[in-house]
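Q:
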Amino acid sequence: MRRIGTIICFGISFLLIALGILDHQFQAVLAKAAKVCLECIGIG
Amino acid sequence: MDKKKRIVIQSIATLLQNANLKGFFTGKIYTGQSKGVCVPGLNCYSCPGAIGACPLGSLQNALSAYKFKLPYYVVGLLLFFGTLLGRLICGFLCPFGFLQDLLHRIPFPVKLKHFRLDKYLRYLKYILLVVLVIVLPICVKMTPFFCKYLCPSGTLAGILLSFRNSALFQAYGKLFTWKVIVLAVILVAGVMIARPFCKYLCPLGAIYGPLNKVSLYRMECDASKCISCGKCSAVCEMCVDPTKDANSAECIRCLQCVHECPTKALRAGIKSKPETSKPSHEGEKVPEGRMRGKD
Numbered sequence: 019m020r021r022i023g024t025i026i027c028f029g030i031s032f033l034l035i036a037l038g039i040l041d042h043q044f045q046a047v048l049a050k051a052a053k054v055c056l057e058c059i060g061i062g
Numbered sequence: 027m028d029k030k031k032r033i034v035i036q037s038i039a040t041l042l043q044n045a046n047l048k049g050f051f052t053g054k055i056y057t058g059q060s061k062g063v064c065v066p067g068l069n070c071y072s073c074p075g076a077i078g079a080c081p082l083g084s085l086q087n088a089l090s091a092y093k094f095k096l097p098y099y100v101v102g103l104l105l106f107f108g109t110l111l112g113r114l115i116c117g118f119l120c121p122f123g124f125l126q127d128l129l130h131r132i133p134f135p136v137k138l139k140h141f142r143l144d145k146y147l148r149y150l151k152y153i154l155l156v157v158l159v160i161v162l163p164i165c166v167k168m169t170p171f172f173c174k175y176l177c178p179s180g181t182l183a184g185i186l187l188s189f190r191n192s193a194l195f196q197a198y199g200k201l202f203t204w205k206v207i208v209l210a211v212i213l214v215a216g217v218m219i220a221r222p223f224c225k226y227l228c229p230l231g232a233i234y235g236p237l238n239k240v241s242l243y244r245m246e247c248d249a250s251k252c253i254s255c256g257k258c259s260a261v262c263e264m265c266v267d268p269t270k271d272a273n274s275a276e277c278i279r280c281l282q283c284v285h286e287c288p289t290k291a292l293r294a295g296i297k298s299k300p301e302t303s304k305p306s307h308e309g310e311k312v313p314e315g316r317m318r319g320k321d
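Going line by line, the protein sequences match chains A and B. Following the working numbering, the numbering of the first sequence begins with 19 at its first residue and continues without gaps. Following the working numbering, the numbering of the second sequence begins with 27 at its first residue and continues without gaps.
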């Protein structure tokens, strides 16, 4: 049962990552992370 | 694995995730392509050394964007990390976890392990995950609530940035004061309690914890070898009894229990041990599949 769970979770994770990359979400993450997040550091 | 080896691995992991050492001297953050990939642990992307993105910050930013899209990429990465390693990430790869481990090594007369509220406070991280990381960022746009009001990693990043950036220092107000208080409480608590942030507040732990049950890297307790001496549960900083639930959601897989086990009944790794009938310490035959933590 555990192995099936592991395989399903890996399958879903790969699918989500692929969907995200196709949806240009990598660039969205990069755009946010490449700037100082003012809220995170306590300005806002 | 003994504590020294673990500290070496934690130091290397922290350095790798904060490899932009130049940023600590210039007060500027790294802006390269690797910032598009989330690191597995809690490491604010506004930290001058960070070369990757914080998974929690990225998740909240995606959920709170004006044009709502399901954050497939970040959720997929979190699921991948969790399915591969579970909370081994907390035990070995998380920079903020490492900081708490170092703080807990400071000698102090009061070291709390078991206290009345502990059991209930453990559920707080799940509430914070749902409320501050998922629901509120969806409802209120452009506001990463957990990062803004609670995340101690972001506060540390702000402090480090302000050393070299006087404009930032002047912009700090009430929010920064609140965040410094939160950070101070967590750090002081960390001297007395092992990993208070991981136990009670970390939403990443709340994501990776349940994945301990299915992760490729896992722990197993061989019941035929266990002599119920209790050394494993006594040494556990997270107050887990690995003989009862080797893959508990609270276990950060620091592997201290594996190191302490006198009969090597506990093991951790990717490969499962083949199940064979072996006589137990009481002389009885143990049926196949009597490996606790193994389905």
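Think of the CB as a built atom: it goes at the ideal place given N, C-alpha and C, for glycine as much as any other residue.
Suppose the cutoff is 8 Å on Cβ atoms and the five residues either side in sequence are ignored; what does the same chain contact list for B:Leu227 look like?
A: Cβ neighbours of B:Leu227 beyond the five flanking positions: Leu150, Lys151, Leu154, Leu176 and Ile212.
Q: So for B:Met245, helix, strand or coil by DSSP?
A: Looking at B:Met245 - three-state DSSP - the assignment turns out to be strand.
Q: Between which residues of its own chain and B:Val159 is the CB-CB distance below 7 Å, once the five residues before and five after are set aside?
A: Within the same chain, B:Val159 has close Cβ partners Leu82, Leu85, Gln86, Phe172 and Pro229.
Q: Taking B:Asn273 as the reference, which of B:Glu263, B:Pro236 and B:Val157 has the closest Cα?
A: Nearest of B:Glu263, B:Pro236 and B:Val157 to B:Asn273, Cα basis: B:Pro236.
Q: Comparing the C-beta of B:Ala45 with each C-beta of chain A, is any distance below 8 Å?
A: It does not; no Cβ of chain A falls within 8 Å.
Q: DSSP has A:Ile59 in a bridge; who is on the other side?
A: DSSP output for A:Ile59 lists no bridge partner at all.
Q: Can at least three beta-carbon pairs, one atom from the region 178–192 of chain B and one from the region 61–76 of chain B, be found at a separation below 8 Å?
A: As far as the Cβ criterion goes, the region 178–192 of chain B touches the region 61–76 of chain B, which means the pair count is three or higher.
Q: For B:Ile278 and B:Arg131, which I take to be in contact (beta-carbon distance under 8 Å), what is that distance rounded to the nearest angstrom?
A: Not really, about 16 Å apart at Cβ, beyond 8 Å.
Q: What residues of chain A sit near B:Phe106, judged by a beta carbon separation below 8 Å?
A: Those are Phe28, Ser31, Phe32 and Ile35, listed as they occur along chain A.
Q: Leaving aside the five residues before and after B:Ile115 along the sequence, list all residues of the same chain whose C-beta is less than 7 Å from its C-beta, in chain order.
A: Hits under 7 Å: Pro66, Gly67, Phe107 and Tyr234.
Q: Judging by CA-CA distance, which residue of B:Thr289, B:Val136 and B:Arg221 is the nearest neighbour of B:Thr251?
A: According to the sequence as given, residue 251 of chain B is Lys; it is not Thr. Closest by alpha carbon: B:Thr289.
Q: Are there three or more Cβ pairs, one per stretch, closer than 8 Å when the region 49–61 of chain A is compared with the region 262–269 of chain B?
A: Touching, no.
Q: Please give me, in chain order, every unbroken run of the alpha helix (DSSP H) with length at least 4 that falls completely inside the region 191–255 of chain B.
A: Counting whole runs of 4 or more residues, the region 191–255 of chain B contains the alpha helix (DSSP H) stretches 192–197, 200–218 and 229–237.
Q: Is B:Leu201 close to chain A, meaning its C-beta is less than 8 Å from at least one C-beta of that chain?
A: For B:Leu201, the answer is yes, since a Cβ of chain A falls inside 8 Å of its Cβ.
Q: B:Cys64 by DSSP, collapsed to three states: which one?
A: B:Cys64 falls in the strand class under three-state DSSP.
Q: Hey, out of B:Val63, B:Gly49 and B:Ile55, whose CA is closest to A:Ala46's CA?
A: For the residues B:Val63, B:Gly49 and B:Ile55, the minimum Cα distance to A:Ala46 belongs to B:Val63.
Q: Can you tell me which of the three DSSP states B:Gly117 falls into?
A: Three-state DSSP puts B:Gly117 in a helix.
Q: Which residue from B:Phe118, B:Ala215 and B:Ala76 puts its Cα closest to that of B:Ser60?
A: Per the Cα distances, B:Ala76.
Q: Compare the C-alpha of B:Glu276 against each of B:Cys287, B:Cys262 and B:Glu286 and name the closest.
A: Ranking B:Cys287, B:Cys262 and B:Glu286 by Cα distance to B:Glu276 puts B:Cys262 first.
Q: Tell me, please, which residues DSSP counts as bridged to B:Leu295.
A: Residue identity check: residue 295 of chain B is Gly in the sequence provided, not Leu. Answer is B:Arg244, bridged to B:Gly295.
Q: Count the CB pairs spanning the region 201–210 of chain B and the region 39–55 of chain B that are closer than 8 Å, and state whether there are at least three.
A: No, the region 201–210 of chain B does not touch the region 39–55 of chain B.
Q: Would you say B:Val100 lies against chain A (beta-carbon separation less than 8 Å)?
A: With 8 Å as the cut-off, B:Val100 counts as an interface residue toward chain A.
Q: For a contact meaning CB atoms closer than 8 Å, what does B:Ser84 contact in chain A?
A: Going along chain A in sequence order, the residues near B:Ser84 (Cβ under 8 Å) are Val47, Lys50 and Ala51.
Q: Suppose you measure from the CA of B:Gln196 to the CA of B:Ala45; what does that come to, to the nearest Å?
A: C-alpha separation (whole angstroms): 27 Å.
Q: Can you check whether the C-beta of B:Asn87 is within less than 8 Å of a C-beta belonging to chain A?
A: So yes, B:Asn87 belongs to the interface.
Q: Would you call the CB atoms of B:Cys255 and B:Leu292 closer than 8 Å?
A: Not a contact, by the Cβ cut-off of 8 Å.
Q: Over what stretch of residues does the alpha helix (DSSP H) that includes A:Gln52 continue unbroken?
A: Contrary to the premise, residue 52 of chain A reads as Ala rather than Gln in this sequence. No alpha helix (DSSP H) holds A:Ala52; DSSP gives it neither H nor E.
Q: Using CA coordinates, which residue listed in B:Phe94, B:Phe141 and B:Ala232 is at the minimum distance from B:Lys167?
A: The option with the nearest alpha carbon to B:Lys167 is B:Phe94.
Q: Beta-carbon separation of A:Gly60 and B:Phe202 under 8 Å?
A: Contact: yes.
Q: Any idea if B:Leu41 is buried or exposed, counting beta-carbon neighbours within 10 angstroms, 16 or more meaning buried?
A: Exposed: under 16 other Cβ atoms inside 10 Å.
Q: If we define contact as Cβ-Cβ less than 8 Å, is B:Val240 a contact residue for chain A?
A: Closer than 8 Å to some Cβ of chain A, the Cβ of B:Val240 qualifies, so yes.
Q: Tell me the DSSP bridge mates of B:Ala79?
A: Paired residues: B:Cys64.
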